[in-house]
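Undergrad: Protein sequence lines, in the order shown, are assigned to chains E and L. Following the numbering used here, the numbering of the first sequence begins with 11 at its first residue and continues without gaps. Following the numbering used here, the numbering of the second sequence begins with 6 at its first residue and continues without gaps. For glycine and all other residues, C-beta sits at the position ideal for the given N, C-alpha and C.
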Amino acid sequence: MTTNTSNSGRIQAVQTTLAILEVLRDRRVAGVSEIARELTYAKSTVHHYLKSLEEAGYVERKDTQYALGLQALTLGGVARERERLFHLGREQVDQLAVETGEKVRLIVERDWRGITVYQAEGEQVSQTRTHVGSTELLHSTAAGKAFLAAIPRAETHEYISQTGLPAQTENTITETDELLTELDRIKDRGIALDDQEHYTDIRCVAVPIVIDDETVLGTISASAPLDRMSEERFRSTLPNKLQNIAGVVEINTTYSEWIATS
Amino acid sequence: MKFGIIGLGAHGITHANVLTRLGQTVIGVDANSEARAEFGETFDAKTYKNTASLYEQDIAGIIIATPNKFHEATATEALDAGFPTLIEKPLAHDLPSAERIVEVADQTGCPCLVSFSNKFQTACSVAKSYVESGYFGKITHIRARHVRRRGIPGRGTWYTSKDIAGGGALLDIGANLVNVLLYLTGWPTITEVVGNARSEFGKQDNYAYLDMYDDNGQAKMYDVEDSVTAFCKFGDGMTASIEVAWAANAQPEHKYVIQGTDAGAELRLSNDLSEKNESPLTNELSLLETRPDDIDHHVDAAVTVPDSDPLEREMRHFTTAATDEEHPTLNSVQQGLRVQRAIDTIYTASR
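#1: Touching or not, the region 203-213 of chain E and the region 86-93 of chain E, by the rule of three or more beta carbon pairs under 8 Å?
#2: Taking residue 169 of chain L as the reference, give the member of L:54, L:98, L:29 with the closest Cα.
#3: Return the first residue and the last residue of the alpha helix (DSSP H) that residue 102 of chain E is part of.
#4: Indicate whether the contact test is met: 3 or more Cβ pairs, each with one atom in the region 33-47 of chain L and one in the region 226-244 of chain E, closer than 8 Å.
#5: Nearest chain L C-beta to residue 258 of chain E closer than 8 Å, yes or no?
#6: Go through its chain and collect everything with a Cβ distance to residue 291 of chain L's Cβ below 7 Å, but skip five positions before and after it.
#7: Looking at C-alpha atoms only, which residue of L:285, L:251, L:353 is the closest neighbour of residue 359 of chain L?
#8: Using a Cβ-Cβ cut-off of 8 Å, state whether residue 59 of chain E counts as contacting chain L.
#9: Taking DSSP as the reference, what is the three-state secondary structure of residue 29 of chain L?
#10: Have a look at residue 234 of chain L and residue 21 of chain L and give me their C-alpha separation to the nearest angstrom.
#11: Run the CB neighbour count on residue 36 of chain E, radius 10 Å, all protein chains shown included, and call it buried at 16 or more, exposed below.
#12: Residues in the same chain with beta-carbon distance under 6 Å from residue 246 of chain L, minus the five sequence neighbours each way, listed in chain order, please.
#13: So, does the region 39-47 of chain L touch the region 58-66 of chain L, judging by three or more C-beta pairs under 8 Å?
#14: For the region 57-89 of chain L, which residues have a beta carbon sitting closer than 7 Å to at least one beta carbon of chain E?
#15: Taking only the alpha-carbon atoms, compute the straight-line gap between residue 193 of chain E and residue 151 of chain E and give it to the nearest angstrom.
#16: Whole angstroms is fine: what's the gap from residue 57 of chain E's alpha carbon to residue 144 of chain E's?
#17: Would you report the Cα separation of residue 54 of chain L and residue 75 of chain L, rounded to the nearest angstrom?
#18: Of the choices L:285, L:160, L:7, whose alpha-carbon is the least far from that of residue 50 of chain L?
#19: Using a C-beta to C-beta distance shorter than 8 Å, which residues of chain L count as neighbours of residue 273 of chain E?
#20: Can you give me the Cβ contacts of residue 225 of chain L inside the same chain, cut-off strictly under 7 Å, excluding the 5 residues immediately before and after it?
#21: Got a sec, what are the start and stop residues for the beta strand (DSSP E) residue 218 of chain E sits in?
#22: Count the other CB atoms, across all protein chains shown, that sit within 10 Å of the CB of residue 115 of chain E; report buried if there are 16 or more and exposed otherwise.
#23: Along the region 228-253 of chain L, where does the CB come closer than 7 Å to a CB of chain E? Name the residues.
#24: Under a CB-based cut-off of 8 Å, is residue 351 of chain L close to chain E?
#25: Less than 8 Å between the C-beta atoms of residue 10 of chain L and residue 175 of chain L, yes or no?
#26: Between the alpha carbons of residue 330 of chain L and residue 56 of chain L, how many angstroms are there, rounded?
#27: Establish whether the CB of residue 157 of chain L and some CB of chain E are separated by less than 8 Å.
#28: For the alpha helix (DSSP H) that residue 39 of chain E lies in, which residues bound it at each end?
#29: Beta-carbon of residue 169 of chain L versus every beta-carbon of chain E: anything under 8 Å?
#30: Using a Cβ-Cβ cut-off of less than 8 Å, list which residues of the region 143-163 of chain E approach chain L; keep chain order.
#31: When you compare the CB positions of residue 106 of chain L and residue 91 of chain L, do they come within less than 8 Å of one another, or not?
#32: Using a C-beta cutoff of 8 Å, does residue 261 of chain E count as contacting chain L?
#33: Could you check what DSSP says for residue 145 of chain E in three-state terms: helix, strand or coil?
#34: Touching or not, the region 151-164 of chain E and the region 112-128 of chain E, by the rule of three or more beta carbon pairs under 8 Å?
#35: With DSSP run on the structure shown, which of helix, strand or coil describes residue 11 of chain E?
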């Protein structure tokens, strides 16, 4: 049996399958024609793939609408278990969420997107736009900027050229020079702020978790709506708390084999 | 003889310096590559990433100088592996962890000591001998004070993280102070405390200072107290006022005023054993009496003591215990636990 491969040597069927799953991830729910239109595939092709995915449990159908099935979570759950930051930072995130009453997240970068690997919500949080597995651009978020500031500048330029710095709100930094200045400032202070740059009414604070060999494990972020995020809280209280936590996570990570099990 | 040092930060380097001055050789372990590189270069010593590699070496004993939170995991491992162990003070970052270390030390029967260096200043040893001879009568009150003007160690590093260090000034310089206090008075138990812990200086962005222990320029964490004042009552009726500060708007002082029914004393010890600021180290004892005679009179007697390096005295104490497989009572892990318990009691009353 032969396998169809594209010019780049990638397996076409895998590409198509993943593209369909990603559309369902981004849209939550979609019909066959909607998916076919977005991917410019034939409707019959999309239908075939969806049927196979449904049989395997990775896609669930309700009438004519499709959505990701719980089998997808079985992959995501295992992938997350392997992430060091998830294990070493989870307890601290829970504590800070309780202490502040706000949403606190662990975010890890993959393929120029910040992926939420864990989040905890304090009692002030009634609804949240993010969840475990949410992906966000880097330049418009505090966590993403904290990451961009911590990596070599050449890689930052690669991100800029690949994404083109699209605006999410009117506050999003869309100019290269302005972003680079902002990243210098973040590197100096060790704290990244998102002042309504991703969502119009949300402010977010993030600090990177960097271990021994300068590896950026990810970032820890805390966010709240504008009315609960005073200047004092946004620029001083939360940054101090996050820096305490990031420092603890960094040390625990470096000395993880020295942590008593009892 | 060769000794293994686990944790190659400022404390590990201090211990290694002392050991090499005493003609011993050292090898070290740290998970941090920079710390390994610096230690290896300074002492021309082999370093390892994992403690397991250390246990395979032919070593006479192990010194634990990790951040406080990791004392338990590393010390219990070293004791289980059968090595005489010296643990940098405080014994642990909290009381339950300290209790677990003592449990393992008891089970294994390996010599286990805690490093409280001020006790090895000769003036302190002489003061203790006056206590034991009954010179003071019954000791009724001690005023113990260790105040630095601006002396937060490793501000922004693990030293000033509640999670990793377990506490601030009281657990750091306070551990030595409480150790000297309890040692001089025969290890009484605290029954009541009124206290207050403050964090006033370390949090300031513009914290001004002249010198800092382990200043690695990575200021980040600060959520511990930088001073504690407490008044303690003990089971035997004695009282003590304790004042500990990493930073205070006051002249620096490390002093114990001992008040007994028959005589008193003032003991002044070093403010900073890292030797950067003080040379020679403060090491003074004066005795106070009021004698009846034709004319009643006060006697203030200055005691002249030999200057002997307390860190070397302490290390000899450990190396002797390690080679002879002895269990000295001085700075035993059980005493370390008593200090930890007293500090825990003071914290509970002060927070």
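TA: In short, the structure shows the following:
#1: Contact between the region 203-213 of chain E and the region 86-93 of chain E is absent, because fewer than three Cβ pairs lie under 8 Å.
#2: For this step, residue 169 of chain L is matched to residue 164 along the second sequence. Looking at the Cα atoms, L:98 is the closest of the given residues.
#3: Taking the first sequence and counting its residues from 1, one reaches residue 102 of chain E at position 92. Residues 94-110.
#4: Too few Cβ pairs lie closer than 8 Å, so no.
#5: For the purposes of this step, residue 258 of chain E is identified with residue 248 of the first sequence, where counting begins at 1. Closer than 8 Å to some Cβ of chain L, the Cβ of residue 258 of chain E qualifies, so yes.
#6: On the second sequence, residue 291 of chain L is found 286 positions in, with the first residue counted as 1. Hits under 7 Å: 270, 271, 305, 306, 307, 308.
#7: Residue 359 of chain L is absent from the model: chain L starts at 6 and stops at 356.
#8: Here residue 59 of chain E corresponds to residue number 49 of the first sequence, with the count starting at 1. Residue 59 of chain E does not count as touching chain L.
#9: As a position in the second sequence, residue 29 of chain L is number 24, starting the count at 1. It is coil, neither helix nor strand.
#10: As a position in the second sequence, residue 234 of chain L is number 229, starting the count at 1. As a position in the second sequence, residue 21 of chain L is number 16, starting the count at 1. If I take the Cα positions, the gap works out to 34 Å.
#11: Residue 36 of chain E sits at position 26 when you count from the first residue of the first sequence. Exposed, because fewer than 16 other Cβ atoms sit within 10 Å of the Cβ of residue 36 of chain E.
#12: Stepping through the second sequence from its first residue, residue 246 of chain L is reached at position 241. The answer, listed in chain order, is 148, 236.
#13: Below 8 Å, too few C-beta pairs join the region 39-47 of chain L and the region 58-66 of chain L to call them touching: fewer than three.
#14: Listed by position along the chain: 71, 72, 75, 77, 78, 79.
#15: The residue labelled residue 193 of chain E in the question sits at position 183 within the first sequence. The residue labelled residue 151 of chain E in the question sits at position 141 within the first sequence. C-alpha separation (whole angstroms): 12 Å.
#16: Residue mapping note: residue 57 of chain E aligns to position 47 of the first sequence, counting from 1. Residue mapping note: residue 144 of chain E aligns to position 134 of the first sequence, counting from 1. Going from the Cα of residue 57 of chain E to the Cα of residue 144 of chain E covers about 26 Å.
#17: Here the question's residue 54 of chain L lines up with position 49 in the second sequence. Here the question's residue 75 of chain L lines up with position 70 in the second sequence. About 15 Å.
#18: Within the second sequence, the letter at position 45 stands for residue 50 of chain L. Minimum Cα distance to residue 50 of chain L is reached at L:7.
#19: Given a span of 11 to 272 for chain E in the structure shown, any question on residue 273 of chain E remains unanswerable.
#20: The residue labelled residue 225 of chain L in the question sits at position 220 within the second sequence. Here the set comprises 161.
#21: Position 208 of the first sequence holds residue 218 of chain E. Residue range 212-221 is occupied by the beta strand (DSSP E) that includes residue 218 of chain E.
#22: Reading the first sequence from its first residue, position 105 is the one you call residue 115 of chain E. Looking at its Cβ environment, which holds 16 or more other Cβ atoms inside 10 Å, residue 115 of chain E is buried.
#23: Those residues of the region 228-253 of chain L that come within reach of chain E (Cβ to Cβ, closer than 7 Å) are 228.
#24: As a working note, residue 351 of chain L is residue 346 in the second sequence. Not an interface residue.
#25: The count along the second sequence starts at 1 and reaches residue 10 of chain L at position 5. The count along the second sequence starts at 1 and reaches residue 175 of chain L at position 170. No, they are not a contact pair.
#26: The count along the second sequence starts at 1 and reaches residue 330 of chain L at position 325. The count along the second sequence starts at 1 and reaches residue 56 of chain L at position 51. Within the model, the alpha-carbon separation for residue 330 of chain L versus residue 56 of chain L is close to 22 Å.
#27: In the second sequence, counting from the first residue as 1, residue 157 of chain L sits at position 152. No, residue 157 of chain L lies away from the interface with chain E (no Cβ there is under 8 Å from its Cβ).
#28: As a first step, residue 39 of chain E must be located in the first sequence, where it is residue number 29. No alpha helix (DSSP H) holds residue 39 of chain E; the beta strand (DSSP E) holding it covers 39-41.
#29: Within the second sequence, numbered from 1, the residue matching residue 169 of chain L stands at position 164. Taking Cβ atoms only, chain E reaches closer than 8 Å to residue 169 of chain L, which makes this a yes.
#30: If the cut-off is 8 Å between Cβ atoms, the region 143-163 of chain E has nothing near chain L.
#31: The count along the second sequence starts at 1 and reaches residue 106 of chain L at position 101. The count along the second sequence starts at 1 and reaches residue 91 of chain L at position 86. Not a contact, by the Cβ cut-off of 8 Å.
#32: For the purposes of this step, residue 261 of chain E is taken as the residue at position 251 of the first sequence. At a cut-off of 8 Å between beta carbons, residue 261 of chain E contacts chain L.
#33: Within the first sequence, numbered from 1, the residue matching residue 145 of chain E stands at position 135. For residue 145 of chain E, the secondary structure class from DSSP, reduced to helix, strand or coil, is strand.
#34: The region 151-164 of chain E is in contact with the region 112-128 of chain E.
#35: One-based indexing of the first sequence puts residue 11 of chain E at position 1. Low local confidence applies: a pLDDT of 43 at residue 11 of chain E is under 50, so the model's placement there is unreliable, with the coordinate-based value given in what follows. For residue 11 of chain E, the three-state secondary structure derived from DSSP is coil.
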